[in-house]
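Participant:
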Amino acid sequence: MSFDVDNPPVEPPDECQHRLLWRLARALWEAHRPDSAGFCVVAGCWHENQRDPCRLAQLAQEGMRTACGEATPASPPWIAVTRERLAAGDIDPTDAVAEVLWHHRRARRTGR
14 MSFDVDNPPV EPPDECQHRL LWRLARALWE AHRPDSAGFC VVAGCWHENQ
64 RDPCRLAQLA QEGMRTACGE ATPASPPWIA VTRERLAAGD IDPTDAVAEV
114 LWHHRRARRT GR
């Protein structure tokens, strides 16, 4: 993995296989990343152990790992949520089409 899970980049890294999933997980991370006092930056919930992110921040980290092809316990739910959000129209169709085209170009380039 080429990104720091405690300080992930805003844009998906090069090895990312599911950019929409990355963006969903990264948005959750942004809301629940711990500040210096141990609170979620946006949501304001308390981290029980200040050295570790809260459960939702951990879920976000697992989502970003899943987006990069790593299997995690949360991988199936993250993939299901992404599909549900696409089906419900919660994700801009332009982004969805861009994702499909990106996968198509990537598959041709890598022979997958």
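So the sequence shown is numbered by the working numbering: it starts at 14 and just counts up by one. Positions of the beta carbon are idealized from the N, C-alpha and C atoms, including for glycine.
1) Between the stretch 33–47 and the stretch 65–85, are three or more C-beta pairs nearer than 8 angstroms?
2) Go through its chain and collect everything with a Cβ distance to Ala-87's Cβ below 6 angstroms, but skip five positions before and after it.
3) Cα separation between Pro-21 and Gly-82?
4) Closer than 6 angstroms by C-beta to His-31: which residues in its own chain qualify, once you throw out the five before and the five after it? Chain order, please.
5) Would Val-18 and Met-77 qualify as a contact pair, given that the criterion is a beta-carbon distance under 9 angstroms?
6) In whole angstroms, what separates the C-alpha of Arg-98 from that of Thr-107?
7) Going by DSSP, what residue range makes up the alpha helix (DSSP H) through Thr-79?
8) Nearest CA to the CA of Leu-37: which residue from Cys-53, Pro-90 and Arg-121?
9) Assign Pro-22 to one of three DSSP states: helix, strand, or coil.
10) Considering Ser-88, what are the terminal residues of the alpha helix (DSSP H) in which it resides?
11) Inspect the beta-carbon positions of Pro-25 and His-45 and report whether they are closer than 9 angstroms.
Facilitator: The answer reads as follows:
1) Counting C-beta pairs closer than 8 angstroms gives three or more between the stretch 33–47 and the stretch 65–85, which meets the contact rule.
2) If we look at Ala-87 and ignore the five residues flanking it on each side, its Cβ neighbours are Leu-72 and Glu-75.
3) Note on geometry: alpha-carbon atoms of Pro-21 and Gly-82 lie some 15 angstroms from one another.
4) Hits under 6 angstroms: Ala-80.
5) Taking 9 angstroms as the Cβ cut-off, Val-18 and Met-77 qualify as a contacting pair.
6) Cα-Cα distance, rounded: 14 angstroms.
7) Run containing Thr-79: 68–80, per the alpha helix (DSSP H) assignment.
8) Of the residues Cys-53, Pro-90 and Arg-121, the one whose Cα lies closest to the Cα of Leu-37 is Pro-90.
9) Pro-22: coil per DSSP, three-state reduction.
10) Segment 88–101, the alpha helix (DSSP H) holding Ser-88.
11) No, these two residues do not count as a Cβ contact at 9 angstroms.
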